[in-house]
Amino acid sequence: MAMLFQTLITDIGPEVASLAEGGVLILFAEGSPPELAEVSVLHAVKHLADDRTPVPGNSITLGNTSAKITAIGELAWKKVHEMGHVVINFNGQTSNLRPGEICASAINTDDLVAALTVGQTITIG
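Under our numbering, the final residue of the sequence shown carries the number 280; numbering is consecutive throughout.
Quick look at the structure:
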C-alpha cells in the first residue's frame, strides 16, 4: 500500500496525553494558534499525496502503534492539505462522524500515549 501521509512530531501540547487516554489525537501543523497548540500534536509534514485520499482499511501508524481507518469525514483530508489539521478518533466508528474527523480502530491508549514523543513519525498509508 502506498504512503499517503507522513509527518514528524515537533511538539506536544500539555493536554494531549489526556485526550490520547480517551483515544483522541488532534494534529495541527507547526504554527498553530497557542490555544490550539495546547491540545494538539504539532507536526511537520514530510510527505502528502496530492492525488489520493485515505479510505477505510488504510493504516495509521505512530511508532509501534498501528490502527486501521474505519471512516473518514468529508472534509478531513481537505483540512490536512490546507492547514495540517485533523482529529483522529480511535473509536472504530464507521458512520455519523464529524466532517473533519478520521476514525480508526480502537487501540491500547497506554500505547498511544507512550508513542507520543517529539521526533516520532506518524504515517497514513
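Beta carbons are placed, not taken as given, at the ideal position from N, Cα and C, and that holds for glycine.
Next on the checklist: DSSP has residue 199 in a bridge; who is on the other side?
Outcome noted: Residue 199 pairs with 163.
Checklist entry - So the beta strand (DSSP E) residue 204 belongs to, where does it begin and stop? => result Premise fails: residue 204 is in no beta strand (DSSP E) and is neither H nor E.
Checklist entry - In whole angstroms, what separates the C-alpha of residue 168 from that of residue 178? => result 16 Å
Checklist entry - Just to confirm, are residue 243 and residue 259 a CB contact at a threshold of 8 Å? => result The answer is yes: Cβ separation under 8 Å.
Checklist entry - If you draw a straight line from the C-alpha of residue 206 to the C-alpha of residue 232, how long is it? => result When only Cα atoms are considered, residue 206 and residue 232 end up about 11 Å apart.
Checklist entry - Span of the beta strand (DSSP E) holding residue 214? => result 214-217
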